[in-house]
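There are 4 protein chains.
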Amino acid sequence: MTSTGLFVWEAQNLGKSARTRARLMDAAVQLFARDGFEAASVNEIARVADVANGTFYVHFRDKDEIAAAVAFRIAEGVVRQLDDAMAEVTDAVERVSLGTRRFVGLAASVPDWGRALFRAVWLFDDLRSELTQYLRADLNLGVRQGVFTATIDDFLIDTFVAMALNALFGQLQGAFGSDAGSRVAELQLRMLGVPAETARQQAWRQIDEPPLQLAPLLRPAAG
Amino acid sequence: MTSTGLFVWEAQNLGKSARTRARLMDAAVQLFARDGFEAASVNEIARVADVANGTFYVHFRDKDEIAAAVAFRIAEGVVRQLDDAMAEVTDAVERVSLGTRRFVGLAASVPDWGRALFRAVWLFDDLRSELTQYLRADLNLGVRQGVFTATIDDFLIDTFVAMALNALFGQLQGAFGSDAGSRVAELQLRMLGVPAETARQQAWRQIDEPPLQLAPLLRPAAG
Amino acid sequence: MTSTGLFVWEAQNLGKSARTRARLMDAAVQLFARDGFEAASVNEIARVADVANGTFYVHFRDKDEIAAAVAFRIAEGVVRQLDDAMAEVTDAVERVSLGTRRFVGLAASVPDWGRALFRAVWLFDDLRSELTQYLRADLNLGVRQGVFTATIDDFLIDTFVAMALNALFGQLQGAFGSDAGSRVAELQLRMLGVPAETARQQAWRQIDEPPLQLAPLLRPAAG
Amino acid sequence: MTSTGLFVWEAQNLGKSARTRARLMDAAVQLFARDGFEAASVNEIARVADVANGTFYVHFRDKDEIAAAVAFRIAEGVVRQLDDAMAEVTDAVERVSLGTRRFVGLAASVPDWGRALFRAVWLFDDLRSELTQYLRADLNLGVRQGVFTATIDDFLIDTFVAMALNALFGQLQGAFGSDAGSRVAELQLRMLGVPAETARQQAWRQIDEPPLQLAPLLRPAAG
DNA sequence: CATGAATGAGTTTTCATTCAT
DNA sequence: TATGAATGAAAACTCATTCAT
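So the protein sequences, as listed, match chains A, B, C and D.
Heads up: the first sequence begins at 0 in numbering that gives the first Met the number 0, then just goes up one per residue.
Heads up: the second sequence begins at 0 in numbering that gives the first Met the number 0, then just goes up one per residue.
Heads up: the third sequence begins at 0 in numbering that gives the first Met the number 0, then just goes up one per residue.
Heads up: the fourth sequence begins at 0 in numbering that gives the first Met the number 0, then just goes up one per residue.
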């Protein structure tokens, strides 16, 4: 799985060009996660992807372009899966809590993607809106449902994302255990005005659904 | 002030070597803030400091070392000033609120230092403990005073710092206005279990004391 | 006409392969003229010709080969047209003057070809003899007619060509006006020993015939 | 001489930095002459100069800058020497003839510099004016002296230069013998309106003065 | 014939670091 | 201490050319 890479897995039935592109994207995810965006070199990406360095430029203009491609593909997948998994949930408190917990759960599934996503959020502003479109809706829903008393605006959204990313990153680093998602979700709910006890219950109750899966994200048709 | 640099100002009565070192640190702060750590080059730091590039290595082993030196000096100053300013404050809610607001207010005072600090927190783990030692004490104080109901541990501290840094960074980027400190402080207090109305009042009440000043930070002995 | 290219126009009734080859040659002329030989890349030539880059190598061994092909086709056309247009002219002074003026007039007609020709002359030695075969004959004719007193040899021919190319290039660059042909022709005649007044009259008299046309050059069989 | 290079010879008493710079300029002249400007790579220049490739950028911003530096130093030297050698000559016919002959004679002295100069004239427009300032004055002088009947303007100057460069280049290529200077000078004089016989005599008469020397050009103080 | 992805050597340029002065 | 020229590894990117389809 680590050796093959999820993009390649997704592209296995596509043309040769798409597979090479996927190999490069898998390699980029891996290196961005390991070394960071700046430190990852195009030559190294090509080396890991097992193609000639010139081949990189057949598929991407530069490092920025592959980073954006990777980030948006990941974000797209994450958002879709979160949305799908919560289609039936109508309670704003539950939606917000589940969203954060599942998002942070990403860390446990595919560290590389988690790290890449973490870095990409700081790099691409568009990505934030991509990721927060549903969050915003859920927060507003909570206000209408009378359960959230905080003012919903960009500042709140940003703070929310910062908290979730912090939990995600800490878990990736091994600083926090696998309950990081629940912990941050509880704090977020308290912050929004949810009573402490409700917040605790919602944030820690057992999730029956399977955890976030990344591979299917990319091929919903096959999923 | 901007042109001279705060480290040089601090070192003005010291020996020539110390002044050269200070010039390099001022230049480093400036460039780390403007270009980021990776993009700032040693040659450029030396150029801005108006010394030969070789001189850099007389004072610092490498770029990491000057980054650490700069970050810890800034952090040290920030912490001391925060502590000094709150010597008389005994209420935990007030201490936490003031601490965050003053810390974020740094952005308005010296953007370069704010940015350098922001970046450095991600780079040096030690810096976090340096910055959070008083915060931890205040949070525990609040628990003892019965005003905070959240569990005080590393996770909470980290979340706290993430929220404050997010507000700081957003203000530096111009995304948030000058009330970012109050906004984040209010959210933090709610999160800790402070009643919404109290949180609002504490986070937004007028601060009479002068805003954070960086120069004195560095020369308390001489001040 | 500009968009289609003259080689393609010429090859429109030939097979598909010939038309592809012609498209490549048109693209090459255009790019050699715009960017120079070194800067024009094979990939770009193929792109402009709207064929795959691999297709280039079906028709030409390398960049040198297409450059040579293009240059000789242009030179061949130029020489033939000059010759045709002067079939009736028997006076050496008139032939030399007309030849230079028409040759330089190329600049006004098809700048791309002018530039390509200009560059090619420096690249391919053979091209010079191709271009100067008739000139040599006319100069010798003038000597026999007793109107030229200079020694006719390679050095003179080369100087002649250098003067004409200089006028051509200057006109292409916009440094000289449309009278560059007449000006250089007058100087050449003086140099050959033609009395100043005669030189002036011959070089500046109205030319009734149509200016050099490039399209017919390439399809004399079809014309 | 070839191995040491004239710029290095000139800089032998200067500082280390100046000598390295001179080594790079000598290497550049050599490679521009051998391969042309485009084909000469910065790495190759550094290699020939026997310095690390990074050292190139300590002294020049890019290839353009070293090319300009080299060309203008050569042109400056050539112009000064031509001017010095003709200080006593007052007859315009003689001045023009001598100027061309000496200029072309450069080829015989230092082929590398001749070639570099030849290429540079096409590259840098400023260089043309640098080189032609005295020529223009001499041509105008000839008109005032009543010996030149042609109109003196930019077109004539350019034609003049083209003729001289053609002779220079041909001699460098081995196409013409060492009399190329005299031959072109004779043609130029005829072109200007000088009687054929006078032109022949002036262009071919023995020159007693030593031929153009490049080394002293660069250190007139030491010459 | 035509395609176009893939190649890899080669180019320009940057930059942390060393070292003789 | 301070200098600053010199270093050379490594980065981003280009491009003529090949080859399987």
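Glycine is no exception: its CB is placed at the ideal position from the N, C-alpha and C atoms.
As the structure is a prediction and not an experimental result, all values here were calculated from the model.
Beta carbon proximity, residue i to chain C, threshold 9 Å
i                       : result
glutamate 37 of chain D : yes
glycine 192 of chain D  : yes
Euclidean distance between Cα positions of residue i and residue j
i                         : j                        : result
serine 181 of chain A     : glycine 113 of chain A   : 17 Å
aspartate 90 of chain B   : aspartate 61 of chain A  : 54 Å
glutamate 129 of chain C  : alanine 74 of chain C    : 7 Å
asparagine 52 of chain B  : glutamate 43 of chain B  : 8 Å
histidine 58 of chain A   : alanine 10 of chain A    : 15 Å
glutamine 187 of chain C  : alanine 179 of chain D   : 18 Å
alanine 21 of chain B     : glycine 35 of chain B    : 19 Å
aspartate 137 of chain C  : aspartate 207 of chain C : 21 Å
arginine 204 of chain D   : leucine 81 of chain D    : 18 Å
arginine 143 of chain C   : valine 7 of chain D      : 55 Å
glycine 4 of chain C      : aspartate 111 of chain C : 10 Å
arginine 18 of chain D    : aspartate 63 of chain A  : 42 Å
arginine 72 of chain C    : aspartate 125 of chain A : 54 Å
valine 92 of chain C      : leucine 171 of chain D   : 32 Å
glycine 141 of chain D    : alanine 48 of chain C    : 53 Å
arginine 189 of chain B   : serine 108 of chain A    : 32 Å
tryptophan 121 of chain B : glycine 14 of chain D    : 46 Å
tyrosine 133 of chain C   : arginine 127 of chain C  : 11 Å
threonine 150 of chain B  : leucine 30 of chain B    : 39 Å
glycine 145 of chain A    : glutamate 196 of chain B : 17 Å
glutamine 200 of chain C  : glycine 76 of chain D    : 42 Å
Proximity test, Cβ basis, 9 Å: residue i and chain B
i                       : result
alanine 195 of chain A  : yes
alanine 179 of chain A  : yes
threonine 99 of chain A : no
leucine 23 of chain A   : no
Interface residues of chain C facing residue i [CB-CB closer than 7 Å]
i                         : result
asparagine 165 of chain D : Asp157, Thr158 and Ala161
leucine 30 of chain D     : Near leucine 30 of chain D there are no residues of chain C at all, since even the closest Cβ is about 15 Å away, more than 7 Å.
Under 7 Å from the C-beta of residue i: neighbouring residues of chain B
i                            : result
phenylalanine 175 of chain A : Phe154
Partners in chain A for residue i, counting only beta-carbon separations shorter than 7 Å
i                     : result
valine 183 of chain B : Thr158
heavy atom of the ligand ZN below 8 Å from residue i C-beta
i                       : result
arginine 182 of chain D : This structure simply doesn't include the ligand ZN, nor any ligand for that matter.
Cutoff 9 Å: residue i Cβ touching any chain D Cβ
i                         : result
arginine 189 of chain C   : yes
tryptophan 203 of chain C : no
Cβ-Cβ distance between residue i and residue j below 9 Å
i                           : j                        : result
alanine 32 of chain D       : arginine 118 of chain D  : yes
glutamate 37 of chain A     : alanine 38 of chain B    : yes
glycine 192 of chain C      : threonine 158 of chain C : no
alanine 163 of chain B      : threonine 99 of chain B  : yes
isoleucine 96 of chain A    : alanine 202 of chain A   : The sequence given here has serine at residue 96 of chain A, not isoleucine. Yes, Cβ-Cβ distance for serine 96 of chain A and alanine 202 of chain A is below 9 Å.
leucine 116 of chain A      : leucine 167 of chain A   : yes
alanine 235 of chain B      : arginine 46 of chain B   : Within the shown structure, residues of chain B are numbered from 0 to 222, placing residue 235 of chain B beyond reach of any answer.
alanine 174 of chain B      : aspartate 152 of chain A : no
arginine 94 of chain B      : methionine 85 of chain B : yes
valine 28 of chain D        : valine 103 of chain D    : no
phenylalanine 55 of chain A : leucine 105 of chain A   : no
Neighbouring residues, chain B, relative to residue i (Cβ below 8 Å)
i                      : result
glycine 169 of chain A : Phe154 and Asp157
leucine 186 of chain A : Ala149, Leu155, Thr158 and Met190
Proximity test, Cβ basis, 9 Å: residue i and chain A
i                        : result
asparagine 17 of chain B : For clarity, residue 17 of chain B is alanine in the given sequence; the question names asparagine instead. No, alanine 17 of chain B does not count as interfacial toward chain A.
leucine 13 of chain B    : no
Next item on the list: Residues of the stretch 103-122 of chain A with a CB closer than 7 Å to any CB of chain B: list them in chain order, please.
Entry: For the stretch 103-122 of chain A, which is checked against every Cβ of chain B, not one residue is closer than 7 Å.
Next item on the list: Anything in the stretch 78-94 of chain C with a Cβ closer than 7 Å to a Cβ of chain D? List those residues in chain order, please.
Entry: Taking 7 Å as the Cβ-Cβ cut-off, the stretch 78-94 of chain C has no residue approaching chain D.
Next item on the list: With 8 Å as the limit, tell me which residues of the stretch 127-150 of chain C have their beta carbon closer than that to any beta carbon of chain D; keep them in chain order.
Entry: Thr148 and Ala149
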